[in-house]
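Chain order of the listed sequences is A and B.
Okay, so the first sequence: first residue is 6 according to this note's numbering, each after it adds one.
Okay, so the second sequence: first residue is 6 according to this note's numbering, each after it adds one.
Backbone N, C-alpha and C define an ideal beta-carbon position, used for all residues, glycine too.
There are 2 protein chains.
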Amino acid sequence: MEYKEFSVEDYKNILDLIGDNDRVLYGENISEDYSRDELGSVRVMPNVVVQALSAEEVSKVMKYAYNNNIPVTPRGSGTGLVGAAVPIKAGIVIDLSKMNKILELDEENLTLTVEPGVLLMEIGKYVEEFDLFYPPDPGEKTATIGGNISTNAGGMRAVKYGVTRDYVRGLEVVLPNGEIINIGGKVVKNSSGYALKDLIVGSEGTLGIVTKAVLRLLPLPKKAISLLIPFDTLDNAIETVPKIIKSKSIPTAIEFMQRAAIVAAEEFLKKPFPDNSSDAYLLLTFDGNSKEEIERTYEGVANICLESGALDVFISDTEERQEAIWSARGAFLEAIKALTTEMDEVDVVVPRNKVAEFVKFTHEVEESQDIRIKSFGHAGDGNLHIYILRDELNSEEWNNKLNNVMEILYKKSRELNGQVSGEHGIGFAKKPFLNESLPKESIEIMKGIKLAFDPKNILNPGKVCQ
Amino acid sequence: MEYKEFSVEDYKNILDLIGDNDRVLYGENISEDYSRDELGSVRVMPNVVVQALSAEEVSKVMKYAYNNNIPVTPRGSGTGLVGAAVPIKAGIVIDLSKMNKILELDEENLTLTVEPGVLLMEIGKYVEEFDLFYPPDPGEKTATIGGNISTNAGGMRAVKYGVTRDYVRGLEVVLPNGEIINIGGKVVKNSSGYALKDLIVGSEGTLGIVTKAVLRLLPLPKKAISLLIPFDTLDNAIETVPKIIKSKSIPTAIEFMQRAAIVAAEEFLKKPFPDNSSDAYLLLTFDGNSKEEIERTYEGVANICLESGALDVFISDTEERQEAIWSARGAFLEAIKALTTEMDEVDVVVPRNKVAEFVKFTHEVEESQDIRIKSFGHAGDGNLHIYILRDELNSEEWNNKLNNVMEILYKKSRELNGQVSGEHGIGFAKKPFLNESLPKESIEIMKGIKLAFDPKNILNPGKVCQ
């Protein structure tokens with residue numbers, strides 16, 4: 006389908022719809038930030054940016070785009086890693102970051118209703134004041150909740166608590182034709198037709214624009230304790246994880262990390278990590294309502310680790326010590342980025358008992374392909390974040406090598422019954438790998454679903470399955 | 006779309022595909038059971054029934070049906086309540102109840118792989134031997150897991166543990182064109198394209214036929230305690246529930262029940278209930294890994310109940326006593342059915358703090374419409390099971406009154422921001438109410454999704470959104 010060539014008339018019409026010069030950016034007034042997301046390897050400038058303040062504004066712009074056949078790309082705070090918020094067909098970017106109000110805390114239904122531009126870190130902070138808890142905990146705390154919903158972000162606590170989709174009860178969505186619909190609500194169960202709510206979650210802004218979300222909260226666990234456990238080799242560390250799972254304790258989080266990432270984070274944050282003398286670490290958290298209950302759980306796990314070759318078990322039971330460890334963990338991405346000129350990432354998820362095999366394989370690839378690869382990730386849920394570093398390669402060498410390494414890694418993931426993305430999504434950058442990974446029937450069905458929502462293919466075109 | 010008129014040739018061709026006379030039923034050999042589900046108000050005989058033993062057999066039959074334009078309706082053990090398994094366009098019924106093998110318990114990934122015909126009660130029993138736990142707990146334990154997946158069944162423990170969708174990690178599905186695809190797998194997170202797994206769950210056999218499921222397990226809680234709490238009025242009982250939720254304790258289950266249902270269950274089971282002297286009861290369960298931990302949780306809740314007018318708190322901490330109470334709860338549907346000549350049900354879900362208002366409203370409707378209405382249900386998750394009893398009404402009176410009462414009840418549910426079905430689904434019987442309840446855009450999108458999976462509309466036609 007051909008899109009309309011965007012004209013200054015379109016800009017004026019959109020400006021008329023919004024009626025606020027400051028929130029409709031055109032031409033030179035558009036910051037280069039709007040052309041890219043966090044990784045930056047795909048860049049296209051939009052023709053116009055609308056900083057929306059309400060679902061009604063989103064609806065108006067969407068209707069205009071629909072009637073005039075202009076592509077629209079929704080955007081949160083641009084922390085994505087796969088180009089999902091990049092307007093690859095130009096046209097309109099709707100920036101939702103100013104729709105950032107927390108609308109309602111309902112303590113009787115344990116729900117929080119928010120606008121899409123609220124930042125993840127604000128949600129956590131807000132509900133904790135009421136002794137409540139929003140469990141999803143992706144590393145990137147400056148992401149918007151709308152972005153988290155769009156990628157079905159997972160994060161550290163997925164081992165015990167699941168992912169974003171599990172905490173979305175209801176959505177207000179502007180459809181590609183501009184109509185505003187509500188899906189789900191405050192209800193706990195829902196078997197009323199196809200699972201549109203679950204489908205919108207993780208659809209990366211291609212099926213509708215989320216303008217409001219009803220989130221499910223839990224009571225805040227009264228206490229959390231983290232264990233930092235050094236091992237002499239990464240293999241020993243990761244191979245311990247299936248034993249922990251099998252032991253029937255449920256840690257909140259199980260992360261693995263290597264010395265290189267820790268040292269990079271120390272330098273990046275200018276803060277020492279509690280220990281960096283070992284090659285590899287598991288970092289576990291346990292939460293619960295009493296110290297005794299948590300101790301009972303973690304003691305068994307500590308013993309399993311020691312029996313499997315752990316060199317020590319460092320227990321962090323104060324908020325400060327835990328903050329020191331977890332802020333380092335949260336800085337890994339930025340710290341690794343600072344080590345090199347450019348990088349790209351692989352966010353595969355494999356069954357939990359295949360993590361060790363996959364990480365070992367990345368080390369083989371690092372050698373055979375002569376390129377630096379750094380990884381860390383969620384050992385407890387099988388989701389790995391693997392970074393391929395450009396270093397001093399020229400553009401052609403880098404593109405060739407990167408593509409080759411990715412092909413090799415995704416192939417391995419398929420062999421282990423893994424999936425292309427655990428939580429970062431497909432966006433633009435991972436489309437070829439999704440295509441190779443799924444049966445062609447699944448891709449065709451996804452295209453059909455896209456068509457059901459967006460017959461003119463104007464909402465975030467060229468993403469996910471097209 | 007016109008379907009092919011089913012002929013004896015079609016029967017012979019299907020028999021050739023399966024090659025087993027005993028599992029391809031035709032004409033007089035088809036039991037009347039295949040024309041109906043548990044409620045029985047919609048009945049249509051199929052032309053042929055295939056009792057499949059494998060995904061390959063399902064695929065062969067589906068391909069034949071696809072090429073010859075014959076409708077196919079999948080069926081588990083027929084315990085549904087909305088006609089989803091009734092072959093309303095006749096044609097082929099594929100009975101999956103003989104695909105009843107538990108295929109693999111994976112203790113490292115905490116998954117159980119099953120065929121769709123495995124009964125819910127078998128899953129619970131099987132995994133408990135390994136100290137593992139499959140949390141979804143619908144009342145109907147003779148339902149197949151395939152049926153539970155098709156309706157996204159919820160059950161008693163949804164308050165703490167969520168619903169069936171939350172425990173399905175992967176599916177093998179035969180598509181309407183007969184192709185077999187795998188969706189998801191043993192992975193814990195997945196953001197690889199649209200959420201086809203979540204969409205198939207709850208689609209009531211209209212998008213594909215589930216031939217294998219990878220279920221997520223949890224460690225079995227070591228201990229459970231139930232509290233049976235009598236109140237002098239149902240209002241007092243139900244109005245306590247939001248206070249319990251707000252108190253930040255998380256019971257596993259919160260059910261409400263009235264004396265009438267208890268007495269009916271006592272008669273039906275020929276077993277006395279621990280107490281039937283009060284008008285209304287809350288039944289709560291708490292689980293955890295130690296008696297102390299559970300006691301700490303339930304003591305607070307018991308106090309809230311007593312402050313809100315509870316007459317007593319009966320604690321059941323032995324398996325026998327809990328079994329006695331919960332088996333009565335499990336028999337409510339059958340027991341109410343035995344009270345009357347025929348009945349139909351409403352399975353609305355409302356926000357948890359609206360349950361009391363809705364139940365009060367059913368009492369008003371009972372009076373104003375001069376018809377007996379019995380209800381019980383999941384007070385903790387807002388999902389009510391409301392039964393409208395025919396008693397001595399003639400067919401015309403019954404149909405008119407039933408339809409009128411349903412209209413009134415679903416209208417009230419919409420006013421309270423509820424949904425048509427919490428867990429029983431839409432099937433055939435609830436289509437008009439889904440249509441009234443959802444925005445027309447949502448229904449159109451659902452039709453488009455159906456088309457993406459089933460362009461010839463041969464799989465379970467006339468259900469959910471069509």
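Original post:
Counting contacts by CB-CB distance shorter than 9 Å, is CYS470/B in contact with chain A?
Top reply: Yes, because at least one Cβ of chain A sits closer than 9 Å to the Cβ of CYS470/B.
**OP:** In the DSSP assignment, find the unbroken beta strand (DSSP E) run with TYR31/A in it and report its ends.
**Re:** Counting along the chain, TYR31/A sits inside the beta strand (DSSP E) bounded by residues 29-31.
**OP:** Indicate the three-state DSSP secondary structure (helix, strand or coil) for GLN327/B in the structure shown.
**Re:** DSSP, reduced to helix, strand and coil, places GLN327/B within a helical segment of the structure shown.
Subject >> Endpoints, alpha helix (DSSP H) assigned at VAL246/B >> reply: Counting along the chain, the alpha helix (DSSP H) containing VAL246/B begins and ends at 246-251.
Subject >> Cβ pair count under 8 Å reaching 3, the segment 74-90 of chain B against the segment 136-155 of chain B >> reply: Verdict: yes, contact present.
Original post:
For the putative contact between ASP280/B and PHE319/B, defined by C-beta atoms under 8 Å, what is the C-beta separation to the nearest angstrom?
Top reply: Their Cβ separation, rounded to whole angstroms, is 6 Å, which keeps ASP280/B and PHE319/B in contact under 8 Å.
Original post:
Which two residues bound the contiguous beta strand (DSSP E) that contains LYS217/B?
Top reply: First-last of the beta strand (DSSP E) with LYS217/B: 214-221.
Original post:
Straight-line CA distance for VAL63/B to ALA200/B?
Top reply: Taking the straight line from one Cα to the other gives about 24 Å.
Original post:
Measuring CA to CA, which of HIS368/B, SER102/B, PHE458/B is closest to LEU124/B?
Top reply: Comparing Cα-Cα distances from LEU124/B to each of HIS368/B, SER102/B, PHE458/B, the minimum goes to SER102/B.
Subject >> Under the three-state DSSP convention, the category TYR139/B falls into >> reply: Note: TYR139/B maps to coil in three-state DSSP.
**OP:** Compare the C-alpha of GLY385/B against each of LEU338/B, TYR71/B, PRO247/B and name the closest.
**Re:** Closest option to GLY385/B, Cα to Cα, is PRO247/B.
Original post:
Is the Cβ of SER46/B closer than 9 Å to any Cβ of chain A?
Top reply: Chain A contact via Cβ: absent.
Subject >> Residue-level contact to chain B via CB, VAL168/A, 9 Å cutoff >> reply: VAL168/A belongs to the set of residues whose beta carbon lies under 9 Å from a beta carbon in chain B.
Subject >> Under 7 Å from the C-beta of GLY305/A: neighbouring residues of chain B >> reply: The premise fails here: GLY305/A is roughly 11 Å from chain B at the closest Cβ pair, so nothing lies under 7 Å.
Original post:
If we ignore side chains and look at the alpha-carbon of each, how far apart do ARG41/A and ALA90/A end up?
Top reply: Looking at the two C-alpha atoms, the distance is approximately 7 Å.
**OP:** Using beta-carbon positions only, say whether VAL49/A and VAL66/A come within less than 9 Å of one another.
**Re:** No, the pair does not count as a contact, with Cβ atoms beyond the cut-off.
Original post:
How is the alpha helix (DSSP H) around LYS461/A delimited, first residue to last?
Top reply: According to the DSSP assignment, LYS461/A belongs to no alpha helix (DSSP H), since it is labelled neither H nor E.
Original post:
Taking just the CA atoms, how far does SER380/A sit from ILE309/B?
Top reply: Those two C-alpha atoms are separated by around 50 Å.
Original post:
By the criterion of Cβ-Cβ separation under 7 Å, what are the contact partners of PHE458/A in chain B?
Top reply: Under a criterion of Cβ atoms nearer than 7 Å, the residues of chain B adjacent to PHE458/A are, in order, ILE450.
Original post:
Can we say the segment 393-403 of chain B touches the segment 161-174 of chain A, given the rule of at least three CB pairs closer than 8 Å?
Top reply: Short answer: they don't touch.
Original post:
So is ILE454/B in contact with chain A if we call contact Cβ pairs under 9 Å?
Top reply: Interface residue, yes.
Original post:
Is VAL318/A helix, strand or coil by DSSP?
Top reply: In the structure shown, VAL318/A falls within a coil segment according to DSSP collapsed to helix, strand and coil.
Subject >> Environment of MET126/A [buried if 16+ CB atoms lie within 10 Å] >> reply: MET126/A is classed as exposed because its beta carbon has fewer than 16 other beta carbons within 10 Å across all chains shown.
**OP:** Just the C-alpha distance for LEU394/B and PHE337/B, rounded to the nearest angstrom, thanks.
**Re:** So the alpha carbons of these two residues sit roughly 14 Å apart.
Subject >> Test item: CB-CB of ASN187/A and THR149/A under 9 Å >> reply: Cβ atoms of ASN187/A and THR149/A: not closer than 9 Å.
Original post:
Can you pull the DSSP bridge partners for VAL98/A?
Top reply: According to DSSP, VAL98/A shares a beta bridge with VAL54/A, THR78/A.
Original post:
In its own chain, which residues sit with a C-beta less than 8 Å from the C-beta of LEU108/A, not counting the 5 before and 5 after it?
Top reply: Cβ within range, chain order: THR118, VAL119, GLU120, LYS217.
**OP:** Spell out whether any CB of chain B is found under 9 Å from the CB atom of ALA158/A.
**Re:** At least one C-beta of chain B is nearer than 9 Å to the C-beta of ALA158/A.
**OP:** Report the neighbours of LEU20/B on chain A: residues whose CB is nearer than 7 Å to its CB, in chain order.
**Re:** Within 7 Å Cβ-Cβ: nothing; LEU20/B doesn't reach chain A, min ~28 Å.
**OP:** Would you mind telling me which residues of chain E sit closer than 8 Å to TYR392/A, beta carbon to beta carbon, in chain order?
**Re:** Protein chains A and B are contained in the structure displayed, whereas chain E is not.
Original post:
What residues in the segment 194-208 of chain B bring their beta carbon closer than 8 Å to a beta carbon of chain A?
Top reply: Within the segment 194-208 of chain B, the residues whose Cβ lies closer than 8 Å to some Cβ of chain A are LYS194, ASN195, SER196, SER197, GLY198, TYR199, ALA200, LEU201, ASP203, LEU204, VAL206, GLY207, SER208, listed in chain order.
Original post:
Do you know offhand how far ILE75/A's Cα is from PRO466/A's?
Top reply: Looking at the two C-alpha atoms, the distance is approximately 10 Å.
Original post:
For TYR303/B versus ILE413/B, is the C-beta spacing smaller than 9 Å?
Top reply: Their beta carbons are not under 9 Å apart, which means TYR303/B does not touch ILE413/B by this criterion.
Original post:
The beta strand (DSSP E) spanning VAL173/A covers which residue range?
Top reply: Note, VAL173/A: beta strand (DSSP E), 173-179.
Original post:
Among the residues of its own chain, which have a CB less than 6 Å from the CB of GLY210/B, if the five just before and after it don't count?
Top reply: So the qualifying residues of the chain are PRO79, SER155, ASN465.
Subject >> Candidates SER197/A, VAL268/A, TYR16/A, ASN422/A: closest to ALA434/B by CA position >> reply: Ranking SER197/A, VAL268/A, TYR16/A, ASN422/A by Cα distance to ALA434/B puts SER197/A first.
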